[in-house]
Structure formats: C-alpha cells, structure tokens
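S.K.: Here it is, the structure in full.
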Amino acid sequence: DTGVSQDPRHKITKRGQNVTFRCDPISEHNRLYWYRQTLGQGPEFLTYFQNEAQLEKSRLLSDRFSAERPKGSFSTLEIQRTEQGDSAMYLCASSSTGTYGYTFGSGTRLTVV
Amino acid sequence: DQQVKQNSPSLSVQEGRISILNCDYTNSMFDYFLWYKKYPAEGPTFLISISSIKDKNEDGRFTVFLNKSAKHLSLHIVPSQPGDSAVYFCAASALSGGSEKLVFGKGTKLTVNP
Numbered sequence: 001d002t003g004v005s006q007d008p009r010h011k012i013t014k015r016g017q018n019v020t021f022r023c024d025p026i027s028e029h030n031r032l033y034w035y036r037q038t039l040g041q042g043p044e045f046l047t048y049f050q051n052e053a054q055l056e057k058s059r060l061l062s063d064r065f066s067a068e069r070p071k072g073s074f075s076t077l078e079i080q081r082t083e084q085g086d087s088a089m090y091l092c093a094s095s096s097t098g099t100y101g102y103t104f105g106s107g108t109r110l111t112v113v
Numbered sequence: 001d002q003q004v005k006q007n008s009p010s011l012s013v014q015e016g017r018i019s020i021l022n023c024d025y026t027n028s029m030f031d032y033f034l035w036y037k038k039y040p041a042e043g044p045t046f047l048i049s050i051s052s053i054k055d056k057n058e059d060g061r062f063t064v065f066l067n068k069s070a071k072h073l074s075l076h077i078v079p080s081q082p083g084d085s086a087v088y089f090c091a092a093s094a095l096s097g098g099s100e101k102l103v104f105g106k107g108t109k110l111t112v113n114p
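So this is what it looks like as structure tokens:
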C-alpha cells in the first residue's frame, strides 16, 4: 500500500494553457474524490467517482474542468484555458464503500502565471 | 455562505496540556463529522470521526464531542505533544442525503510548545 499518489507535485503554467493532473488511488479503494484548496481555505469538493462512474460534481467544476476515471483505476483532472484563479492545490483522495475517512494524496500545486 | 466554521485561526498550548479545537456548522442535514490534520506540503490525514447518533467518540489522546442542538463539535487532544503541531480541519457530510462530499472549515493552526 503506497497511499494515494498524485503527479505532478508542482505545475507552473501560462494563462490559457491546458493542464492535466493524475491521481492513483489506493488499489483496493473504489471511490475517488477531487478537491481544491486555496490559501487560507479548507479543501473544497470538486467531484467524486465510484469505480468509473462520476456520481457527483460541484458547481465549482466549470465547463473548463473535466475529470475521468477510465476502468475505475487512476483518474485525471484536466483544466482547459487556465486562468489565474485556478491557482490552487488540487487534492485527490480515495476510500472504500462503507468507510468515510478518506485517504488524501499530497496534492498537485498549480500556479498560473 | 460557510456551512462549517472554525472561528479560531490559531491556537497555542503548552506540551502536556489539553488542546481544544472548536467547530460550528449551520446545515442541519449534516450527520457525519470528521477531523483531519494537515502538515505543510502534505495532504490532510484523517484523525477521528463521529456520527450524529453519538455525542462522543474517543481514540487514544483524541476525543471528539458533538452537541447537535448547538450545532457544535470540538476536538480535545490530551496530553498535547509537539508533534501535534499542524493545521486541523473540521469537516461534515450529509451521508443520509446520499452525498459523499465533505464540507471543510478553514482550519485551525495548532502550535504545541515544548
């Protein structure tokens, strides 16, 4: 069990570029979550998958954001046409059905310049 | 509109004493509450949780108390240790409503002084 792995750890991109982040959950976990955390705030929910199905999405997830979890394993979060307001820590977490204490990854810090 | 509030941005205590971190919520649909601890450059780590059918849950040095009528919960750490220094987040969920998302507070930075 290597925990939840996120790649890359840091990403600096120019405004208007597209970026994609990857999350590898704990292998036996069927649930996967994406959160965003900005400075001085707690994590904010973006979206949730059970296996490969995306079951819940926040209104924070604008049409520039898309998340996938093909085959119910790893997940990707893509942000198109990045804006400076997208600068944040993007956290991935996973859990198993019936358990409610997520395991979070270390996050991907995005800086849009 | 912040549904989970941690009104103390920071707390400083002496090693060996009790740390009490507070959290208030406004949404009466919340029925499950969790505390997470976060060190710099790491993701949050699950600490302890409580269901709304209980008013207390204990795990070693950590105890969470829930007062549903006041919509208030607290985390007690006894005795506090320097390694407990971190940011603590309170989170809530409306599980019976079918939602899997957690709503987090802004966090309280705890410093335990040797």
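First to last, the sequence lines map onto chains X and B.
According to my numbering, the first sequence is numbered sequentially starting from 1.
According to my numbering, the second sequence is numbered sequentially starting from 1.
Just so it is clear, CB atoms sit at the ideal spot from N, CA and C, and this is done for glycine as well.
1. From B:K68, B:Q14, B:P44, pick the residue whose C-alpha is nearest to that of S52 (chain B); which is it?
2. Our contact map puts R31 (chain X) next to E52 (chain X) with C-beta atoms below 8 Å; I'd like the distance itself, whole angstroms only.
3. With DSSP run on the structure shown, which of helix, strand or coil describes K71 (chain B)?
4. Along the stretch 95-112 of chain B, what residues have a CB closer than 8 Å to any CB found in chain X?
5. Can you tell me which of B:P82, B:H72, B:L95, B:P114 puts its alpha carbon nearest to the alpha carbon of Q117 (chain B)?
6. Using the Cβ count rule (16 or more neighbours within 10 Å means buried), how would you classify Y39 (chain B)?
7. With distance defined between alpha-carbon atoms, name the residue in B:S80, B:V64, B:S99 nearest to C90 (chain B).
8. Return yes when the Cβ of L39 (chain X) is within less than 8 Å of the Cβ of Y48 (chain X), no when it is not.
9. Reducing DSSP to helix, strand and coil, say where P93 (chain B) ends up.
10. Have a look at the DSSP bridge pairing and note the partners of R15 (chain X).
M.R.: To lay it out plainly:
1. That would be B:K68, whose Cα lies nearest to the Cα of S52 (chain B).
2. About 12 Å separates the two Cβ atoms, so there is no contact after all.
3. DSSP, reduced to helix, strand and coil, places K71 (chain B) outside both helices and strands of the structure shown, so it counts as coil.
4. Only L95, S99, E100, K101, L102, V103, F104, G105, K106, G107 from the stretch 95-112 of chain B bring a Cβ to less than 8 Å from some Cβ of chain X.
5. With chain B running from 1 to 114 in the structure shown, residue 117 (chain B) is simply not present.
6. Counting Cβ neighbours within 10 Å, Y39 (chain B) comes out exposed, since fewer than 16 surround it.
7. That would be B:V64, whose Cα lies nearest to the Cα of C90 (chain B).
8. Taking 8 Å as the Cβ cut-off, Y48 (chain X) and L39 (chain X) do not qualify as a contacting pair.
9. A quick correction: the sequence has Ser, not Pro, at residue 93 (chain B). Strand, per DSSP.
10. Residue pairing by DSSP places R15 (chain X) in no beta bridge whatsoever.
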